[in-house]
Amino acid sequence: MGSGEGREVKIFDITLRDGSQSKVATRIRLEDLLKIAEKLASTGIYGAETWGGATFDVCVRFLREDPWGRARKLKAAMPGIKQMMLIRGQNLVAYSNFPDDVVVKFVRAAARNGIDVFRIFDALDDVRNHYMVIKAVKEVDKIAEGAVCYTISPVHTIETFVSKARQLEDMGVHQIAIKDMAGLIDPQTAFELVTSLKKAVDVPIHLHTHDNCGMGMMSVLKAVEAGCDMIDSVLSPFSGGTGHPCTESLVFSLERFGYRTGCDLAKLTEAAEEAKKIRSLYTEFEAPYSGVDCRMLVTQIPGGVMSNLSAQLKQQNALDRIDEIIDEIPRVREDLGWIPLVTPTSQIVVSQATFNVLLGRYKIIANHTANLLTGMYGDTPAPVNKELQQRVLKGQKPITVRPAELLQPMWPELEKKFPGLSDEEILIHAIFPHEAPGYFAARKEQETKKAQTSARGA
Ligand code: CO
């Protein structure tokens, strides 16, 4: 037996959520996801990430597909596999904080519709924004996974990540995720970080990384060697580059080392063949380039952020200013307390950096930037620029309480406004108020069409 000595490593296949999000802009429809899910069901994987992140938004906004039905049907297709979602702390699946009562309703509905594992993160890594979700998840007896966002900055060290993990463990999470959303973690850091986490906390450690810089598989292997308990990966047709390390090669290699994954390689290969067919149906949503791109090792700006930035600048006819904006991004990050670049902070930092370059530094302070400076989103990893903060506070005091304390309960009013609707339907209105009317109108139209077709068929 190899160095794995029979130790178990749990595999979470994340093709259906982050895989689809990273390669084809989350556009895969439920009927196609189900074809992959049916194959994944018997592969022996421990978990599958299927929901949350951008899926709820894209279902409502573009696909006009019931997000709740998606969770239910995928769970039914893979009953023996833990179904995981990514939840943005108090932001749920949107871009700003919701009051506690909406958070609790959302978690209960997600659990009811088949979510077993909630991976909870906050863009500022302020654990007070994890608090209510963790509490709600524990109340419904599901698995709360607290995520620490991995980022590189002068104020982030192994110790700061470990201290966040300890705080999350104190809040009662069942497991800790290292969320390396940009694929920046190198094998040595992965080894050191997991080693330190294993010493500091008692709960299992779960690594999520991308392969943007080509380091994904090396980092996964070093993390496993350091004792990492759970790994995220995707089926081969979705792997690599902006995607993730590959499930089949990971399973094959870990087994060769003597670790146990419980996975059946032949079955995984069948699932991968299905995934290959499905990806080819969505080529119109492919990014022009989704392979390995090592510029990030120098700029530390995630690939997704770069592609959004160039698309925006193209629209504004300002693509020639991109290098200046790339230089400005770390300055803005420093002014905003070295926040990680993840939804929604990546968008906030990039917009402000763009304003600074095109219009002059802080000639305009965007609303979201101002909210970050006042403390409305929570505590930043380092203090924000005091001068800028004074400018937006205009004599007021910064916010120091848990941000959601400032929000009034919304549920009683929502129930009044939408009588007769299920909690699931009300939540769609609450979370995406602008898109919901169009969504419900489109759903109604779909149902009428379906009824007409079946009446004709009868
Ligand atoms: Co990711």
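For what it's worth, this note's numbering labels the leading residue of the sequence shown as 1396, then goes sequentially.
Just so it is clear, CB atoms sit at the ideal spot from N, CA and C, and this is done for glycine as well.
Given the structure is predicted, the values throughout are model-derived calculations rather than measurements.
Under the rule that 16 or more other beta-carbon atoms within 10 Å means buried, what is residue i, buried or exposed?
{"i": "leucine 1801", "result": "exposed"}
{"i": "glutamate 1723", "result": "buried"}
{"i": "aspartate 1521", "result": "buried"}
{"i": "asparagine 1508", "result": "buried"}
{"i": "cysteine 1689", "result": "exposed"}
{"i": "proline 1549", "result": "exposed"}
{"i": "glutamate 1444", "result": "buried"}
{"i": "alanine 1706", "result": "exposed"}
{"i": "arginine 1786", "result": "exposed"}
{"i": "aspartate 1718", "result": "exposed"}
{"i": "threonine 1678", "result": "exposed"}
{"i": "glutamate 1643", "result": "buried"}
{"i": "glycine 1401", "result": "exposed"}
Residues bridged to residue i by DSSP?
{"i": "histidine 1603", "result": "Lys1574"}
{"i": "glycine 1638", "result": "Beta-bridge pairing links glycine 1638 to no other residue."}
{"i": "leucine 1428", "result": "In DSSP, leucine 1428 forms no bridge with anything."}
{"i": "tryptophan 1463", "result": "In the DSSP output, where bridge partners are listed per residue, tryptophan 1463 has none listed."}
{"i": "glutamate 1540", "result": "Arg1514 and Gln1570"}
{"i": "tryptophan 1446", "result": "Met1480"}
{"i": "glutamate 1403", "result": "Arg1655"}
{"i": "isoleucine 1794", "result": "DSSP lists no partner for isoleucine 1794."}
{"i": "isoleucine 1626", "result": "Ile1406 and Leu1602"}
Rounded to a whole number of angstroms, what is the C-alpha to C-alpha distance between residue i and residue j?
{"i": "valine 1598", "j": "glutamate 1840", "result": "48 Å"}
{"i": "isoleucine 1734", "j": "arginine 1756", "result": "19 Å"}
{"i": "glutamate 1810", "j": "lysine 1672", "result": "43 Å"}
{"i": "glycine 1686", "j": "glutamate 1433", "result": "28 Å"}
{"i": "leucine 1645", "j": "proline 1697", "result": "24 Å"}
{"i": "glutamate 1681", "j": "proline 1632", "result": "13 Å"}
{"i": "threonine 1769", "j": "serine 1415", "result": "36 Å"}
{"i": "alanine 1420", "j": "valine 1615", "result": "25 Å"}
{"i": "arginine 1456", "j": "arginine 1716", "result": "31 Å"}
{"i": "glutamine 1478", "j": "leucine 1425", "result": "15 Å"}
{"i": "valine 1854", "j": "leucine 1783", "result": "The requested residue 1854 is not part of the displayed model; the chain covers only 1396 to 1853."}
{"i": "cysteine 1641", "j": "threonine 1546", "result": "22 Å"}
{"i": "alanine 1436", "j": "threonine 1637", "result": "25 Å"}
{"i": "aspartate 1511", "j": "asparagine 1751", "result": "43 Å"}
{"i": "lysine 1537", "j": "lysine 1530", "result": "10 Å"}
{"i": "glutamate 1403", "j": "glycine 1541", "result": "21 Å"}
{"i": "leucine 1602", "j": "aspartate 1575", "result": "8 Å"}
{"i": "glycine 1852", "j": "glycine 1442", "result": "40 Å"}
{"i": "threonine 1764", "j": "glutamine 1747", "result": "7 Å"}
{"i": "glycine 1657", "j": "lysine 1405", "result": "8 Å"}
{"i": "tyrosine 1654", "j": "leucine 1767", "result": "44 Å"}
Thinking C-beta only, is residue j closer than 8 Å to residue i?
{"i": "lysine 1617", "j": "alanine 1661", "result": "no"}
{"i": "histidine 1639", "j": "histidine 1605", "result": "yes"}
{"i": "arginine 1523", "j": "glycine 1773", "result": "yes"}
{"i": "alanine 1489", "j": "tryptophan 1463", "result": "no"}
{"i": "threonine 1438", "j": "alanine 1670", "result": "no"}
{"i": "isoleucine 1573", "j": "leucine 1563", "result": "no"}
{"i": "arginine 1651", "j": "alanine 1595", "result": "no"}
Three or more C-beta pairs below 8 Å linking the region 1561–1568 and the region 1611–1631: Too few Cβ pairs lie closer than 8 Å, so no.
Three or more C-beta pairs below 8 Å linking the region 1488–1500 and the region 1828–1844: No, the region 1488–1500 does not touch the region 1828–1844.
Three-pair Cβ contact test at 8 Å for the region 1468–1483 versus the region 1841–1852: In the pairwise beta carbon analysis, the region 1468–1483 is classified as not touching the region 1841–1852: fewer than three pairs are separated by under 8 Å.
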